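Mapping of the sequence shown onto our numbering: position 112 corresponds to residue 956, and the numbering continues sequentially without gaps.
Each residue gets a CB set at the ideal place from its N, CA and C atoms; glycine is no exception.
Quick caveat: nothing in here was measured; it's all calculated off a predicted structure.
As structure tokens, the structure follows; a few thoughts come after it.
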Amino acid sequence: MSISERGAALLHEIIDSPEVLMTPQLRKIARREARELKASPGEDVLALCNILIEHGGSGKVRREEHGPAYESRLVAFEIVSMHRGALAMLDWRELERLGRTLDGWASVDQFARKLSGPAWQRGQISDARIRKWATSSDFWWRRAGLVSTIALNERHLGSGDAARTLTICEFFLDDRSDLHVKALSWALRELALRDPDAVIEYIVDREERLAPRILREVRNKLETGHKDAKPSEAMVRRMRERRVSR
């Protein structure tokens, strides 16, 4: 089966399914394809995934919050993330090609966590490229730049990198877009697992600029391990003492 034929068959399976395919089902399809493509060149895998991305939008809108191409993009990103040869080819040009149809938080987060963040962590794309995304005029590329920091601090990927994470966070301090506020909280909470002192210092120094939701969730995470838990009196006291001492 040629790459174009495989792509057409996959699109038919995903887009024209009589049932709504949920994320676990889509990942199962991606794992199957990744196994079958294991010995294929990275170029062929990227070509297949670009077919899914380019033509996936022609199907019915299955999920109002995600849009018509969500299913095929998820499968494409998952396949790339599981193929060693394709991963090795992810420079900024390939990533921007794969991300050319990003249009919602679900596709952005899948892209940034599975592809761009790990590629950045491995040194395949530069800090300057992530900064360019984080300061883009395109809303979704901005979020992609911020969510890419997650890979720097996830235990199964990076060793923790406060400097690069916080450099990107700086671009979002005054951003009150709901999805960017949530992403900034997420980035700081992930870093808090690796370098809590850096996060505490950061939020203390910028308390007046950070959105209340970020302050609340990050403090909760630092003290209790959960973003929605109420900080203990000890946590409140430590934060107050740090503010006074500075």
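- Annotation for ILE969: no alpha helix (DSSP H) segment contains it, and DSSP assigns it neither H nor E.
- For ASP935, there is no enclosing alpha helix (DSSP H), since its DSSP letter is neither H nor E.
- Contact between ILE923 and ALA995 fails: their C-beta atoms lie close to 18 Å from each other, not under 8 Å.
- Annotation for LYS1026: the continuous alpha helix (DSSP H) segment containing it runs 1022-1036.
- CA-CA distance, VAL1043 to PRO962, rounds to 22 Å.
- ARG944: not part of any alpha helix (DSSP H); DSSP gives it neither H nor E.
- Taking C-beta atoms as the reference points, ILE858 and GLU915 count as a pair closer than 9 Å.
- At the C-beta level, LEU896 and LEU939 stay beyond 9 Å of one another.
- Taking TRP977 as reference, the option from ARG1038, LEU918, PHE921 and SER960 with the minimal CA-CA separation is SER960.
- The C-beta distance from GLY989 to HIS927 rounds to 24 Å, too long to fall under 8 Å, and the pair is not in contact.
- Under a 10 Å Cβ-count criterion, ASP1005 is classified as buried, with 16 or more other Cβ atoms of the shown protein chains found around its own Cβ.
- DSSP places SER980 in the coil class of the three-state scheme, outside both helix and strand.
- Judged by beta-carbon spacing, LEU1035 lies within the 9 Å limit of THR993, meaning their Cβ atoms are closer than that value.
- Pairing ALA956 with MET845, the inter-Cα distance amounts to about 30 Å.
- Shown here for ALA891: same chain residues with a beta carbon closer than 6 Å to its own, the five before and five after excluded, namely ILE847 in chain order.
- Exclusion of the five residues before and after LEU1023 leaves TRP949 and ARG987 as the residues of its chain whose Cβ lies within less than 7 Å of its Cβ.
- With 16 or more other CB atoms across the displayed protein chains lying within 10 angstroms of its CB, ASP953 is buried.
- Remark: C-beta atoms of VAL991 and ARG1033 do not approach each other more closely than 9 Å.
- Looking from the CA of PHE921, the closest CA among ASP1072, LEU870 and GLU1052 belongs to LEU870.
- For ILE969 and LEU881, the gap between their C-alpha atoms comes out near 25 Å.
- Taking C-beta separations shorter than 6 Å and ignoring five residues to either side along the sequence, the partners of ILE873 in its chain run VAL919, following chain order.
- Between LEU942 and CYS893, the gap from beta carbon to beta carbon is short of 9 Å.
- In the three-state reduction of the DSSP assignment, ASP1041 falls in the helix class, which pools H, G and I.
- For TRP984 against ASP1018, the beta-carbon gap comes to about 19 Å, at or over 8 Å, which does not count as contact.
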